[in-house]
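Peer 1: Dropping a structure here in structure tokens format, bear with me for questions.
In mature numbering (1 follows the signal peptide of the UniProt record, and there is no 0), the protein residues as written are -23 to -1, 1 to 180.
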């Protein structure tokens, strides 16, 4: 996020909560008892998706991509709410504005849930992506992203580049959701997903 919620932000927020002492702010103080939870939420979203979701909720940004929706659902609603809560307190938003933000926060979550599960599994878009890769290359790329690393042949790299990054990400995101991967595992999978793409571009 461009308002990155760092340890410094956390300390400032807690100081603000402590000195103001309002009832609703005391609830925030309980939520922010440690910095670890915040850091885990931020790490799970990643810089790009964290920024995208922040822009969508606080700045009327464009729609959240399927990849970022998948990451958001993976980190969970509690993380989504916590990041919004901290930012509202840090920005000292008035009640009317905060109510509007919470509405957008919940809508973003609902929209993302609809976009990543379960309909994409049988969608024509997903089917086209899988058909473009083919069974053999789809299996090889799956092994690289979700299991132990193997060599991706030039033919499979060519097929992957032909179907495109959106297809590559869509197949990964749907698999993450259906496997119910933990936040830590999902983060590693996305790293390997991007690495496979970059390596195929270099072929």
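A virtual CB, placed ideally from N, CA and C, is assigned to each residue, including glycine.
With residue 82 and residue 34 assumed to form a contact (beta carbons below 8 Å), what rounded beta-carbon distance in angstroms separates them?
Peer 2: Contact holds; Cβ gap of about 5 Å.
Peer 1: Count the other CB atoms within 10 Å of the CB of residue 163; is the residue buried (16 or more) or exposed (fewer)?
Peer 2: By the neighbour-count rule (16 or more Cβ atoms within 10 Å), residue 163 is buried.
Peer 1: Are the segment 142 to 149 and the segment 99 to 109 touching by the rule of at least three beta carbon pairs closer than 8 Å?
Peer 2: Yes, they touch.
Peer 1: Consult DSSP for residue 74 and reduce its assignment to one of helix, strand or coil.
Peer 2: DSSP places residue 74 in helix when its eight states are reduced to three.
Peer 1: What residue does the alpha helix (DSSP H) around residue 201 start on, and which one ends it?
Peer 2: The question about residue 201 has no answer here: the residues shown for the chain are numbered -23 through 180.
Peer 1: Since residue 47 and residue 29 are thought to touch, with beta carbons under 8 Å apart, how far apart are those beta carbons, to the nearest angstrom?
Peer 2: That pair is no contact at about 12 Å.
Peer 1: In whole angstroms, what separates the C-alpha of residue 123 from that of residue 69?
Peer 2: The alpha-carbon atoms of residue 123 and residue 69 are separated by roughly 42 Å.
Peer 1: According to DSSP, is residue 163 helix, strand or coil?
Peer 2: DSSP places residue 163 in helix when its eight states are reduced to three.
Peer 1: Assuming residue 157 is part of the alpha helix (DSSP H), what are its boundary residues?
Peer 2: Note, residue 157: premise wrong, no alpha helix (DSSP H); not H, not E.
Peer 1: Return the residue from the list 170, 139, 150, 17 that minimises the CA-CA distance to residue 90.
Peer 2: With distances taken between Cα atoms, residue 90 lies closest to 150.
Peer 1: Looking at the unbroken alpha helix (DSSP H) that takes in residue 54, where does it start and where does it end?
Peer 2: Element bounds for residue 54: 54 to 68.
Peer 1: Helix, strand or coil: which one does DSSP assign to residue 178?
Peer 2: Of the three classes helix, strand and coil, the one that applies to residue 178 here is helix, per DSSP.
Peer 1: My assumption, with CB atoms under 8 Å, is that residue 49 sits in contact with residue 15. Please give the rounded CB distance.
Peer 2: Residue 49 to residue 15, Cβ: 15 Å. No contact.
Peer 1: When the distance is taken between beta carbons, is residue 166 closer than 8 Å to residue 148?
Peer 2: Taking 8 Å as the Cβ cut-off, residue 148 and residue 166 do not qualify as a contacting pair.
Peer 1: Quick check on residue 13: buried or exposed, where buried means 16 or more other Cβ atoms within 10 Å of its Cβ?
Peer 2: That one is exposed.
Peer 1: Taking the alpha-carbon positions, what's the residue 118 to residue 45 distance?
Peer 2: The alpha-carbon atoms of residue 118 and residue 45 are separated by roughly 21 Å.
Peer 1: Just the Cα atoms here: how many angstroms apart are residue 120 and residue 101?
Peer 2: Rounded to the nearest angstrom, the two C-alpha atoms are 23 Å apart.
Peer 1: Between the alpha carbons of residue 57 and residue 172, how many angstroms are there, rounded?
Peer 2: Approximately 26 Å, taken between the alpha carbons.
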